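Heads up, the sequence shown is in this note's numbering, so the first residue is 629 and it goes up one at a time.
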Amino acid sequence: MGRTFIRAALNSARNVHPGDNSPQAQAARRISGFADLDGLEFAARIDIEKDGRGDDRNTIKAAIEPDHKDYALIMGVVPKGNPGGNSGAPAALASPSYTPPAAGARPASSNVPSGKPAWAQ
């Protein structure tokens, strides 16, 4: 999973159009480390593939971003307009912008050590 996938996952989770390069969009895509990705909820296309032993396994093929026609239905939000105006959604109906957490702030319910995802415990 490279930068392109992580950017797409952040776009999906934070309702940022892929073509939006505004300072707010850049801030929404900024992470301080991999721990920021723990628990990230985004829309994705999943396929089933065979692993080395012949067992089925789920594989994330792509993150579904706000410019995808099914994004609003999947995520239950109104997609933000494209700065170029190609989304068809009026800008006034767009959901609120992503607001990054305060520097160094972690959720109070999180007792996961920094740098190690919850599923790896």
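Where is the CB? At the ideal position from N, CA and C, for every residue including glycine.
In this text, all values refer to a predicted model and were calculated from it rather than measured experimentally.
CB contact flag (R657, R635, <7 Å): yes
Spatial neighbours of A637 in its chain, beta-carbon cut-off 7 Å, leaving aside the 5 residues before and after: L668, F670 and A691
Whole-angstrom distance between F633 and D698, CA atom to CA atom: Taking the straight line joining both Cα atoms gives about 18 Å.
N639 vs V705 beta-carbon contact at 7 Å: No Cβ-Cβ contact shorter than 7 Å links N639 with V705.
R635: first and last residue of the uninterrupted alpha helix (DSSP H) it sits in: Start and end: R631 to R642.
CA nearest to the CA of D664, picked from D683, I702, A641 and D648: A641
As assigned by DSSP and simplified to three states, the class of H645: coil
Counted within 10 angstroms of its Cβ, other Cβ atoms place D675 as buried (16 or more) or exposed: exposed
Residues bridged to D684 (per DSSP): K678
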